[in-house]
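These notes are about the structure you will find just below.
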Amino acid sequence: MKFIKKALVAAAFATAAVSASAQEQFIPLLSYRVGPYADGGSGFFGGVIDYLSLINASGGVNGVKLTWEECETEYNATRGVECYERLKKSHGGASMVEPLSTGIAYGLIDRVAQDKIPMTTLGYGRSDAADGRVFPYVFPLITSYWDQAAGMIKYLADKEGGFDKLKGKKIVHLYHDSAFGKEPFPVFEAYAKQLGFELIKLAVPHPGNEQQSQWLQIRQAKPDYVILWGWGVMNPTALKTAQRNGFPREKMLGVWWAGSEEHVIPAGDAAKGYSSMTFNTPGNYPLLDEIKKKVYAAGKGNMEDKSRIGSVYHMRGVTAGIMMVEAIRKAQDKYGKGKVMSGEQVRWGFENLNVDEARLKALGALGMMPTVKTSCLDHEGSGAVKVQRWDGKAWKAVTPNWVTGDRAMIRKMVEESAAKYAAEKKIAPRDCSKEG
Amino acid sequence: MQFFLEVLIGGLLSGIMYSLVALGFVLIYKASGVFNFAQGAMVYFAALTTVGLVDSGMSLWLAILLTMVAMVVLGLLTEKIVLRPLVAQHEITLFMATIGLTFFVEGLAQAIWGANVRALDLGIEDVPLEWLLESANIAVSQFDLIASGIAAALVILLAIFFSKTKIGRALRAVADDHQAALSIGIPLQHIWAIVWAVAGFVALVAGLLWGARNGVQFALTFVALKALPVLILGGFTSVPGAILGGLIIGASEKLAEVYIGPHVGGGIEGWFPYVLALLFLLVRPEGLFGEKIIRRI
Numbered sequence: 001m002k003f004i005k006k007a008l009v010a011a012a013f014a015t016a017a018v019s020a021s022a023q024e025q026f027i028p029l030l031s032y033r034v035g036p037y038a039d040g041g042s043g044f045f046g047g048v049i050d051y052l053s054l055i056n057a058s059g060g061v062n063g064v065k066l067t068w069e070e071c072e073t074e075y076n077a078t079r080g081v082e083c084y085e086r087l088k089k090s091h092g093g094a095s096m097v098e099p100l101s102t103g104i105a106y107g108l109i110d111r112v113a114q115d116k117i118p119m120t121t122l123g124y125g126r127s128d129a130a131d132g133r134v135f136p137y138v139f140p141l142i143t144s145y146w147d148q149a150a151g152m153i154k155y156l157a158d159k160e161g162g163f164d165k166l167k168g169k170k171i172v173h174l175y176h177d178s179a180f181g182k183e184p185f186p187v188f189e190a191y192a193k194q195l196g197f198e199l200i201k202l203a204v205p206h207p208g209n210e211q212q213s214q215w216l217q218i219r220q221a222k223p224d225y226v227i228l229w230g231w232g233v234m235n236p237t238a239l240k241t242a243q244r245n246g247f248p249r250e251k252m253l254g255v256w257w258a259g260s261e262e263h264v265i266p267a268g269d270a271a272k273g274y275s276s277m278t279f280n281t282p283g284n285y286p287l288l289d290e291i292k293k294k295v296y297a298a299g300k301g302n303m304e305d306k307s308r309i310g311s312v313y314h315m316r317g318v319t320a321g322i323m324m325v326e327a328i329r330k331a332q333d334k335y336g337k338g339k340v341m342s343g344e345q346v347r348w349g350f351e352n353l354n355v356d357e358a359r360l361k362a363l364g365a366l367g368m369m370p371t372v373k374t375s376c377l378d379h380e381g382s383g384a385v386k387v388q389r390w391d392g393k394a395w396k397a398v399t400p401n402w403v404t405g406d407r408a409m410i411r412k413m414v415e416e417s418a419a420k421y422a423a424e425k426k427i428a429p430r431d432c433s434k435e436g
Numbered sequence: 001m002q003f004f005l006e007v008l009i010g011g012l013l014s015g016i017m018y019s020l021v022a023l024g025f026v027l028i029y030k031a032s033g034v035f036n037f038a039q040g041a042m043v044y045f046a047a048l049t050t051v052g053l054v055d056s057g058m059s060l061w062l063a064i065l066l067t068m069v070a071m072v073v074l075g076l077l078t079e080k081i082v083l084r085p086l087v088a089q090h091e092i093t094l095f096m097a098t099i100g101l102t103f104f105v106e107g108l109a110q111a112i113w114g115a116n117v118r119a120l121d122l123g124i125e126d127v128p129l130e131w132l133l134e135s136a137n138i139a140v141s142q143f144d145l146i147a148s149g150i151a152a153a154l155v156i157l158l159a160i161f162f163s164k165t166k167i168g169r170a171l172r173a174v175a176d177d178h179q180a181a182l183s184i185g186i187p188l189q190h191i192w193a194i195v196w197a198v199a200g201f202v203a204l205v206a207g208l209l210w211g212a213r214n215g216v217q218f219a220l221t222f223v224a225l226k227a228l229p230v231l232i233l234g235g236f237t238s239v240p241g242a243i244l245g246g247l248i249i250g251a252s253e254k255l256a257e258v259y260i261g262p263h264v265g266g267g268i269e270g271w272f273p274y275v276l277a278l279l280f281l282l283v284r285p286e287g288l289f290g291e292k293i294i295r296r297i
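Residue numbers (the UniProt record's numbering), protein chains in the order written: chain A, 1 to 436; chain B, 1 to 297.
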C-alpha cells in the first residue's frame, strides 16, 4: 500500500497542500520532484518548506501562520504556468511565487505584474529584472547571472594576480545551448574587450550527455580556464569528459547550477578539485541545527534523505525561504503586524528588504548568505558570490569573503536592457523617487 | 592530421555507445515489429536499480544479477499485461502502448529508488590511454575502448542468437507476420517474452555503461534520442546495421561539430545526425542493412 502511495506521488504529478485557512499567508510552490531535474527541485523546495515549517513551529510571522501548496511542474514551462493559474487564487490568494525555472519565470513575467503577485527568481531568470522600475513584480534576489559572471572574472583575475594579468589569456565559455547558457554573453564579451583575454564560446546541445567534440576543441585550444555554464546531466558529463581528455579540473569554474552535490557525486574522482560559484557558504549553521531540532525531530521535515540537509540545493531553498519570510515581515511592519499580507503588500516587502549581518546573526545564518538590501531601483539587493571547491567529499569555500565584479558596469547593462524591454512592451518605468 | 584522427576516433567510440542503445530497439522491432519507445526508460530503470541495490550494501555483481532478474520480470509483465491483449493490432497501436509504458517505467523507477542522481563505479578508469597520449598525442579513453569491446561482444552474441538458434529463427518469423507465425505453431507470447527479456538485458548493459560514464540520472532516458538516427541509418532490423549506423553517426557528428560547427554558431551535433539520417532516408529508406520491403501492386 505504501509503495502504491509512493508511486502515485511520483507519477501523478500530485499536489500536496498544508491545511489552510483564510487567516494564513499562502505561498504557492511550483515545484518539481520528478523528471530530469528532480534532484535540484526536491532539494530546493525541501529547503523552502523546511524553513517555512520552522517559522510555523515558532508561531508564524507575528502570529500569522504560513501555508503552502505544491504543484508539480516537472520543470515544464507550460505546466508551470498552469500551476500558477491554478494556485494564484487558492487559499485566499497567492502572496508570492517562486518557480525555480527560467522558462516558467519567463512565462509568468507579464502575468505576475497583471495579478500583482511578486515573483522571486533567486539566481536565475532575466538579469535585467534587477531594474525594479521596469519589473516591479520580479525579484532576481541576491545575485543575477550577469553579476555572477562578473564575479567569475573577478575571481579569475584575483587568482592571476590582478585584472591586467588576464591580458592574453584564453578563457573557454562552455555553455548549455539555450537562453540560459547565452545569458552571460554580454558580460564576458565586455570583459574580454576591456581586459584583452580571448573568449572562446563552445555550445553544448541539450541535454549535454555527449561532449567529446567540445572537449577535443578545448584540448586543442589549450585554454587557461574553462567556465562551465551547464545544467543537469551536462555538468557531470563535462567533468568526466574533461578527465577523459586530460584537462585539469582545477582550471574549471562552474556557474552555480553546476555546483551542487548532485553534479559532482556522479562524476566521482573526475570532480576533485573542480570549483563553482555559489551564493551560500558551505558549512553548518545554527539555523540548520534549529531546523533539525524543531522540524525534523517533530517529524515535519521535508527531505526524505536527511543527509541532504545543508546540501547546496537545500541551503539555497532555506535561503529562498528566508527571503520570503523577511519580505512578509517587512510588509507587516508597514501594513500591520499579525495581519495576512496581500501580494501587493508583500511586493513592497521584497522591495524594502534589509537583511544585514545583525539580522542574519539573529536568524542563525550569519555567513551562510550575503547581506541583502533591495530598493525600487535594485531588485537584486546584493550581487555578491563565493567560490567553492569540491574536495572529493564535500564543498569547501575557496574565497573567505564575498566576491563582487564590476557592479557599475553590470548596472549599466541592466538599465540598458531593461529600457529596451520597456520600449518593446510599452511599459512606462516607475519613478522611484515617488515610491514610499 | 593528428587532431582529425583524434576527433574521428572519439566519434567512432561515442558511436559504439549509441549503438548499444540502438540494439535494444532493433531486438524488439526485429521480433515484434514494434518500435519500443520505452527503451530509454528501460535503460534508466536498469541502471537505477543496479545502483540502488549497490547503495543498499549489495556487491556490484549481485546487484547486476538481481537487476537482470528484474529486467526479465519487467519484460514478462510487459508481454503479459501490455502486448498480449494487443496481438494482431496495428503497429501504431503497439507503438502507442510503448509510449504509455515509458511513463510508467520512468515513474516506477523513481518511486522505488528516488529521483536523486547517483554515481556508478564499474571499476573501469575513464582516463586517456597514457602510451597513446605520449607517443601520438591522441587522447583515447580507456573506458570507451572497453565499452566498445563489450558492445562488439554483445553484437556477436546476438548475431549468433538470431541466425543460428531455433528461437532466433522463430523470432524472425514472428517479426515477418504475427498471424502466419501463430498458424504454423510458433508460440507468439513465448517469443515476445524472450525478446523483451533480451532487450532488458541489452538495456542493462547500456544503462551500466552510460550510467558509469555520466552518472545514473533521469537524463539516461535521453540516450534513446541518440539511437534514433543510428536506427534510420543502420536499419531497424539489423544488428550489424545498428553498429555500423552508430559508427557513422558518432564519427560524422563529431567531425561536423568540430569542422562545420564554428562557422554556424556551434552546437550542431544535436541535430546534425538527424539531418544526415533524413538525407539517407531519401536514398535508402530501409537503412543500410534493413530488409527491403517489396510490395505487389
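Glycine included, every Cβ here is placed at the ideal spot set by N, Cα and C. What you are looking at is a predicted structure, and each value in this text was computed from that prediction instead of being measured.
In the DSSP assignment, no residue is bridged to residue 44(A).
Distance from the CA of residue 67(B) to the CA of residue 333(A), rounded to the nearest whole angstrom, comes to 58 Å. Interface with chain B (8 Å Cβ-Cβ cutoff): residue 240(A) is included. Restricted to the segment 172-206 of chain B, the alpha helix (DSSP H) segments that are unbroken, complete and at least 4 residues in length are 178-183, listed in chain order. With respect to the C-alpha of residue 369(A), the residue from 223(A), 391(A) and 357(A) having the closest C-alpha is 357(A). Among the bridge pairs identified by DSSP, residue 225(A) is matched with 171(A). Runs of the alpha helix (DSSP H) lying entirely within the segment 97-180 of chain B and spanning at least 4 residues, in chain order: 130-136, 142-164 and 166-176. When the beta-carbon positions are compared, residue 106(A) and residue 30(A) stay at least 8 Å from each other. Assigned with DSSP and collapsed to three states, residue 139(A) falls in strand.
For residue 244(A), the neighbours in chain B by C-beta distance under 8 Å run, in chain order, 126, 127, 128, 139, 141, 143 and 144. Within chain A, 246 have C-beta atoms less than 9 Å from the C-beta of residue 133(B), given in sequence order.
When rounded, the separation of the alpha-carbon atoms in residue 243(B) and residue 33(B) is 20 Å. Within chain B, the C-beta atoms nearer than 7 Å to that of residue 219(A) come from 139, in chain order.
A check of alpha carbon separations from residue 210(B) across 51(B), 28(B) and 110(B) identifies 51(B) as the nearest. The three-state secondary structure of residue 81(B), taken from DSSP, is helix. Ranking 77(B), 80(B), 93(B) and 138(B) by CA distance to the CA of residue 127(B) puts 138(B) first. For residue 389(A), the enclosing beta strand (DSSP E) stretches over residues 386-390. In the pairwise beta carbon analysis, the segment 361-378 of chain A is classified as touching the segment 127-141 of chain A: at least three pairs are separated by under 8 Å. For residue 226(B), the C-beta contacts it makes with chain A under 9 Å involve 209 and 210, in order along the chain.
Contacts with chain A at 8 Å (Cβ-Cβ) do not include residue 63(B).
Taken in chain order, no unbroken stretch of beta strand (DSSP E) lies wholly in the segment 91-166 of chain A with a span of 3 residues or more.
Within chain B, the C-beta atoms nearer than 8 Å to that of residue 177(A) come from 266, 267 and 270, in chain order. The beta carbon of residue 214(B) sits closer than 8 Å to the beta carbons of 220 from its chain, once the five residues preceding and following it are set aside; these are given in chain order. Under the Cβ distance rule, residue 84(B) does not count among the residues neighbouring chain A, no pair being separated by less than 8 Å.
By the neighbour-count criterion, in which 16 or more other beta carbons inside 10 Å mark a residue as buried, residue 45(A) falls on the buried side. Using a Cβ-Cβ cut-off of 8 Å, residue 49(A) does not count as an interface residue toward chain B, since no Cβ of chain B sits closer than that to its own.
Contact of residue 39(B) with chain A is not assigned, every C-beta pair being separated by 8 Å or more. Excluding sequence positions up to five before and after residue 295(A), its CB lies within less than 7 Å of the CB of 50, 53, 54, 57 and 301, all in the same chain and listed in chain order. If you look at residue 317(A), you'll find it in the alpha helix (DSSP H) that goes 312-335.
Distance from the CA atom of residue 22(B) to the CA atom of residue 36(B), rounded to whole angstroms, is 11 Å. Exposed is the label assigned to residue 1(B), since fewer than 16 other Cβ atoms lie within 10 Å of its Cβ. For residue 200(A), the pairing in a beta bridge is given by DSSP as 172(A). Each residue's CA atom was taken as its position, placing residue 92(A) and residue 308(A) some 33 Å apart.
For the pair residue 240(B) and residue 17(B), the Cα-to-Cα distance works out to about 14 Å.
Neighbours of residue 56(B) in chain A, taken as residues at a C-beta separation under 9 Å, are lacking, since the least C-beta distance is about 13 Å.
Per DSSP, residue 353(A) is not a residue of any alpha helix (DSSP H), being assigned neither H nor E.
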